[in-house]
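So the protein sequences, as listed, match chains A and B. The working numbering puts the first residue of the first sequence at 18, with every later residue one more than the last. The working numbering puts the first residue of the second sequence at 57, with every later residue one more than the last. No residue lacks a Cβ here, since even glycine has one placed at the ideal position from N, Cα and C. Computed from a prediction, not measured in an experiment: that's the story for all the values here.
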Amino acid sequence: MSAALETRGLCKSFGALTVAADINFRLETGARHALIGPNGAGKTTFVNMLTGVLPPSSGRIVLGGEDITAMGQANRVKRGLGRTFQINALFRRLSVLDNVALAVAERRGVAPRMLRAASRHADVRAESMELLATLGLAEDAGVRILDLPYGKQRLVEIAIALGLKPRVLLLDEPAAGVPSLESHRILQVLDRLPEHIAILIIEHDMDLVFRFAQRITVLVQGEVLVEGTPDEIGKDKRVHQVYLGEQHHV
Amino acid sequence: MSTHAGGYSADPRVRWIEFLPWIVAVAAFFALPEYLSLGARILIYVLYALSLDLIVGYAGIITLGHSAYFGLGAYVAGILAAKAGFHDPFVQLAAAGAAGALLGISTGAIILRTRALTLLMLTLAITSVLMEVANKATALTGGADGLSGVVVAPILGLFKFDIFGKTAYLYCLLVLLLGWWLVRKMIYSPFGTSLRGVRENSLRMHAIGAPVYWRLVLVYTLSATIAGVAGGLITQTNQFVGLNVLSFESAGELLVMLILGGVGRIYGAFVGPVVYLIAQDLLAKQFPEYWYFGIGTMLVLVVMFARGGILGILDGTLAKLRRKP
Numbered sequence: 018m019s020a021a022l023e024t025r026g027l028c029k030s031f032g033a034l035t036v037a038a039d040i041n042f043r044l045e046t047g048a049r050h051a052l053i054g055p056n057g058a059g060k061t062t063f064v065n066m067l068t069g070v071l072p073p074s075s076g077r078i079v080l081g082g083e084d085i086t087a088m089g090q091a092n093r094v095k096r097g098l099g100r101t102f103q104i105n106a107l108f109r110r111l112s113v114l115d116n117v118a119l120a121v122a123e124r125r126g127v128a129p130r131m132l133r134a135a136s137r138h139a140d141v142r143a144e145s146m147e148l149l150a151t152l153g154l155a156e157d158a159g160v161r162i163l164d165l166p167y168g169k170q171r172l173v174e175i176a177i178a179l180g181l182k183p184r185v186l187l188l189d190e191p192a193a194g195v196p197s198l199e200s201h202r203i204l205q206v207l208d209r210l211p212e213h214i215a216i217l218i219i220e221h222d223m224d225l226v227f228r229f230a231q232r233i234t235v236l237v238q239g240e241v242l243v244e245g246t247p248d249e250i251g252k253d254k255r256v257h258q259v260y261l262g263e264q265h266h267v
Numbered sequence: 057m058s059t060h061a062g063g064y065s066a067d068p069r070v071r072w073i074e075f076l077p078w079i080v081a082v083a084a085f086f087a088l089p090e091y092l093s094l095g096a097r098i099l100i101y102v103l104y105a106l107s108l109d110l111i112v113g114y115a116g117i118i119t120l121g122h123s124a125y126f127g128l129g130a131y132v133a134g135i136l137a138a139k140a141g142f143h144d145p146f147v148q149l150a151a152a153g154a155a156g157a158l159l160g161i162s163t164g165a166i167i168l169r170t171r172a173l174t175l176l177m178l179t180l181a182i183t184s185v186l187m188e189v190a191n192k193a194t195a196l197t198g199g200a201d202g203l204s205g206v207v208v209a210p211i212l213g214l215f216k217f218d219i220f221g222k223t224a225y226l227y228c229l230l231v232l233l234l235g236w237w238l239v240r241k242m243i244y245s246p247f248g249t250s251l252r253g254v255r256e257n258s259l260r261m262h263a264i265g266a267p268v269y270w271r272l273v274l275v276y277t278l279s280a281t282i283a284g285v286a287g288g289l290i291t292q293t294n295q296f297v298g299l300n301v302l303s304f305e306s307a308g309e310l311l312v313m314l315i316l317g318g319v320g321r322i323y324g325a326f327v328g329p330v331v332y333l334i335a336q337d338l339l340a341k342q343f344p345e346y347w348y349f350g351i352g353t354m355l356v357l358v359v360m361f362a363r364g365g366i367l368g369i370l371d372g373t374l375a376k377l378r379r380k381p
């Protein structure tokens, strides 16, 4: 059975600097997988290659059995690859509802329409509101992102990605910048995400990683150091040396 | 007169205050018959500014070369009327719009691959190149002397363009009404919302699968079409085309009008040209040598103290009044 997402020998170099070296990675359907590694390990570069922001120097990316290596971002999204950003990438002067509706409309093919008012597309509106309700954001639908607390902005990040109904969701540090007291809310949301979505989370918050992920891949200097269950990773001495130090949680 | 931002929760129905510009325009027709020529010019510039607002205010495309499309429309209408024997005003206008569209799609497809300062310089280059072409192609355009002998047949064979500008005024008003209706419809549509998405965060629009480049090319072409029509109108009402329609100054002046009225508000494109052209008319009569000083002062004040333009000031004042118990 083909994986939801797979990379084969993925490499990326900027001149003499290699930021990704022969990454073979497999994300199973419905998986809860974490990608961790110290700063500069190449995690975001890896996500950028997966989503088509950066072309790999060599190697292949396969989504649901289809080679998407040469595909543009838009086509990858259409095939079910969604992502969130480490630093909020929201439509700041638009309302929370419009932020999500933009993604829903794009997925439904409504976005290029010019003759009927956006608010008359009740299906887009209803689906967006439903999504906001599941994330506890329904009351903020009319609030502009500029006026929204940061923790809720992180939830809107996830809501936009969910509006695309992805088969594979890449979450780039969903709890980044969120005070630890509020990060439990992000975790609650992640726990409630539909089971069929394969999720790859990149996160520095080890509490969140070890509570959420069923498998963990450790990336160091652009190479996969080790992959395993949270238990295996927690006990791995190499991981302790390069990354976790004494702070690991099992 | 709050911002017309559209979106999935915006009521697209025309509000009572949106009838105001049209009531004023019709009232001006009856109350100020001696100013109808200036009035027609203002209406044309409103249409021209609307086309600019679509790309600058809603799609976030910064340009200093919108006069290329306006000027091309003006010359196409003029050449058809003066050289090719096409005197029907609607044919001239359709050709002006089509020329604007063609230039819009061909230049937009190239320049919209760039951003920021590069984009700004390329827009400037396009209008400069076109102006030089018009300057050299004297057989067609009349060069620096301009293109005269523009003949426009009566509208529908019934309404002749008169020297008082009555027909021209009403004709421009009707074309503007159509242009406004189209632009407003677009802004309230899902397409309009997606343009605002591109303006706010093109990176995220890519990440939700939007074909950002093609959306920009499309709106740029539509805007160029409207600018071309506005150019056609200026030829028909002046019955003359001068090189200035293609000048960088004309594009800059239009941007100033839009900033003055308020960018990204639809009606900023109405208020800006009205204030600018009336101020220009009055100041030029009072201070023929220094009139630009007054315009400059007005712009500096708006940029420093009212970033949302005149409509921004109105919005702010209304919001304060509403907050007071």
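{"Asked": "Interface residues of the stretch 358–375 of chain B facing chain A [CB-CB below 7 Å]", "Found": "none"}
{"Asked": "Sequence-distant residues of the same chain with beta carbon closer than 8 Å to residue 196 of chain A, five excluded per side", "Found": "168"}
{"Asked": "Proximal residues to residue 265 of chain A (C-beta, below 6 Å), its chain only, five neighbours per side dropped", "Found": "Because the pLDDT of residue 265 of chain A is 47, which lies under 50, any placement of that residue in the model is unreliable, and the number read from its coordinates should be weighed accordingly. If we look at residue 265 of chain A and ignore the five residues flanking it on each side, its Cβ neighbours are 251."}
{"Asked": "Separation of residue 155 of chain A from residue 115 of chain B, as counted between CA atoms", "Found": "28 Å"}
{"Asked": "Contacting residues, own chain, Cβ-Cβ under 7 Å from residue 177 of chain A (five flanking each side not counted)", "Found": "116, 117 and 120"}
{"Asked": "Boundaries (first-last residue) of the alpha helix (DSSP H) holding residue 23 of chain A", "Found": "No alpha helix (DSSP H) contains residue 23 of chain A, which is instead part of the beta strand (DSSP E) from 22–31."}
{"Asked": "Cβ-based contacts, 8 Å cut-off: residues of the stretch 39–60 of chain A near chain B", "Found": "none"}
{"Asked": "Inter-residue Cα distance where the pair is residue 322 of chain B and residue 243 of chain B", "Found": "9 Å"}
{"Asked": "Chain A residues whose Cβ lies nearer than 8 Å to that of residue 65 of chain B", "Found": "112, 114, 115, 136, 142, 158 and 159"}
{"Asked": "Amino acids of chain A, ordered along the chain, whose beta-carbon sits closer than 8 Å to that of residue 245 of chain B", "Found": "130, 131, 132, 133, 134 and 135"}
{"Asked": "Cross-chain neighbours of residue 249 of chain B in chain A, by beta carbon under 9 Å", "Found": "111, 115, 118, 119, 122, 128 and 135"}
{"Asked": "Near-chain B residues of the stretch 164–190 of chain A - C-beta to any C-beta below 7 Å", "Found": "177 and 181"}
{"Asked": "Under 9 Å between C-beta atoms of residue 185 of chain A and residue 98 of chain A", "Found": "yes"}
{"Asked": "Cut-off 8 Å between Cβ atoms - residues of its own chain near residue 84 of chain A, not counting five sequence neighbours on either side", "Found": "77 and 78"}
{"Asked": "Any chain A beta carbon closer than 9 Å to residue 271 of chain B", "Found": "yes"}
{"Asked": "Assigned exposure category for residue 107 of chain B - 16 Cβ within 10 Å defines buried", "Found": "buried"}
{"Asked": "Rounded separation between residue 232 of chain B and residue 161 of chain A - CA only", "Found": "32 Å"}
{"Asked": "Cα-Cα separation between residue 164 of chain B and residue 95 of chain A, rounded to whole angstroms", "Found": "26 Å"}
{"Asked": "Whole-angstrom C-beta distance between residue 225 of chain A and residue 235 of chain A, which should lie under 8 Å", "Found": "The Cβ separation is near 16 Å, so there is no contact."}
{"Asked": "The stretch 119–129 of chain B in contact with the stretch 307–321 of chain B per 3-pair CB rule at 8 Å", "Found": "yes"}
{"Asked": "Chain B contact residues for residue 100 of chain A, given Cβ-Cβ distances below 8 Å", "Found": "263"}
{"Asked": "Within-9 Å CB hit, residue 58 of chain B to chain A", "Found": "Model confidence at residue 58 of chain B stands at a pLDDT of 48, short of 50, so the residue's coordinates are unreliable and nothing is read from them."}
{"Asked": "Contacts that residue 94 of chain A makes with chain B (C-beta to C-beta distance below 8 Å)", "Found": "263, 264 and 265"}
{"Asked": "Three-state class that DSSP yields for residue 166 of chain A in the structure shown", "Found": "coil"}
{"Asked": "Contacts around residue 266 of chain B, its chain only, beta-carbon distance under 8 Å, and the 5 residues preceding and following it disregarded", "Found": "250, 253 and 254"}
{"Asked": "Closer than 9 Å to chain B by CB, residue 68 of chain A", "Found": "yes"}
{"Asked": "Simplified DSSP assignment, three categories, for residue 122 of chain B", "Found": "coil"}
{"Asked": "Strand pairing of residue 84 of chain A, partner residues [DSSP]", "Found": "A:79"}
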